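Taking it in order: structure first as structure tokens, then the write-up.
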Amino acid sequence: MAGNNPVFNNIQKQLQGGEYAGIGEPRGAQQRYPQQGYPQGNPQQGYPQGNPQGQQPGYYPPTPMSPEQLDAMYQRPSAGPLDTGRVTFDDVIMKTLTLFAIVLSSAAVTWVMTSAQPALASPIWMVGMFGGLVVGLIIAFKKTISVPLILTYSLLEGAFVGALSRAMEAWYPGIVMTAVVATLATFAGMFIGYRTGVIKVTSRSRRIFGMAIMGYMLFSLVNVLALVFGWTSGWGFGGTGLLGIGISILGVGLASYSLAVDFDSVEEGIRMGAPEKFSWLFAHGIIVSLVWLYIEILRLLARLRDN
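Position 55 of the sequence shown, counted from 1, bears residue number 55 in full-length UniProt numbering, the numbering being contiguous throughout.
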């Protein structure tokens, strides 16, 4: 579902390059317009029009300040992330809970609809899956952050999860509640493990994780094509035997570590002073990994039931 989370891959590149998805100017960019308090080149004030001699374009000498103004400025408390419009950990938590609530609400509505009319499960499932894929890719590679697109993705993912869960519950009674509890427990465990330093994310582990994800995505694509053309059946390659269970365990492991990578990306974004609006993108990335983890756990439980 999430692959090597493209949302956080894009964020990583922007943060390391010193730019923030089109929000504001890149770090290190020079101010090229006059601000309030800077003379506008009035010859009567002793400042030449245009650029002062020997200065870079856009530079203007500051207006002198009185001792009282300087003292008042020094007495002010240091500006925090909220004052400077930078993302905070609380921002990411609140946005993640908001998107999670949208996913749950959409899934609940879809669950009720498909319970009353089981024939709706397949079309809703397909629309949610492919619609979410398209919207997710647009979000991941879009240069600006679009909150409506992020909310739309959560609605589509909720519909997909609700329809899939209803179908799986009909085939394997009780499986959905077990998968939900396992997903939330895994999420909590990965978060605690990362915060306490038990689970570490390094540049080397990121590279290994990225290569593993690429291989898993390629395998999943081949598996889907094999099912479509009738080369395999059921769960595809590996079936419900030990090989299939091992593949599902690998998927759960990759999705779980994806959460740790997400947490590390959020922490890096906060440390580097990403704009506040990035909290929506961070929250979206976490939801992507969380849904992926749920699907992998659901598939593992189903294979264990069949075995």
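Cβ coordinates follow ideal geometry from the N, Cα and C atoms, glycine included. Since this is a predicted model, take the numbers as computed values, not measurements.
- When beta bridges are read from the DSSP output, Arg86 appears opposite Pro275.
- A residue is called buried once 16 or more other Cβ atoms fall within 10 Å of its Cβ, and Arg207, having fewer, is exposed.
- In this structure, Asp262 lies near Gly285, with their beta-carbon atoms less than 8 Å apart.
- Bounds of the alpha helix (DSSP H) holding Ser165 are 147 to 171.
- Between the C-alpha atoms of Val147 and Val291 there is a straight-line separation of about 19 Å.
- Assigned with DSSP and collapsed to three states, Phe229 falls in coil, not helix or strand.
- In this structure Tyr294 touches Thr183 by the C-beta definition: roughly 4 Å separates them, less than 8 Å.
- Contact annotation: Leu301 and Thr110 have beta-carbon atoms that are not nearer than 8 Å.
- The way I'd put it, the segment 239 to 257 doesn't touch the segment 274 to 282; fewer than three beta-carbon pairs between them come closer than 8 Å.
- Excluding five sequence positions before and after Gly132, the CB atoms of its chain that fall closer than 7 Å to its own CB belong to Tyr153, Leu156, Glu157, Phe160, given in chain order.
- Residue state for Ile199 is assigned as coil, using DSSP reduced to three classes.
- When the Cα atoms are used, Pro173 and Asn223 turn out to be separated by approximately 26 Å.
- Distance from Val201 to Asp264 at the Cβ level is roughly 4 Å; contact confirmed, criterion being Cβ atoms closer than 8 Å.
- Residue nearest to Leu151 within the set Lys95, Ile124, Thr196 is Lys95 (criterion: CA-CA distance).
- For Trp125, the uninterrupted alpha helix (DSSP H) run begins and ends at 121 to 141, by DSSP.
- Residues Gly193, Ala260 of the same chain have their beta carbon placed closer than 6 Å to that of Ile199, with the five preceding and five following residues left out of the count.
- A Cβ-Cβ distance of about 6 Å is found for the pair Met168 and Leu298, placing them in contact under the 8 Å criterion.
- Measuring C-alpha to C-alpha distances from Met214 to each of Gly239, Leu242, Ala255, Gly189 identifies Ala255 as the nearest.
- For the 8 Å CB-CB criterion, Gly136 and Val252 do not form a contact.
- Scanning its chain for C-beta atoms nearer than 6 Å, with the 5 sequence neighbours on each side dropped, one finds around Leu164 the residues Trp125, in chain order.
- In the assembly as shown, Trp231 is an exposed residue. Its beta-carbon has fewer than 16 other beta-carbons within 10 Å.
- Note on geometry: alpha-carbon atoms of Lys143 and Trp171 lie some 42 Å from one another.
- Taking 8 Å as the upper bound for CB-CB distance, Pro275 and Val87 are in contact here, some 7 Å apart.
- Take the alpha-carbon of Val266 and the one of Phe89: they are about 8 Å apart.
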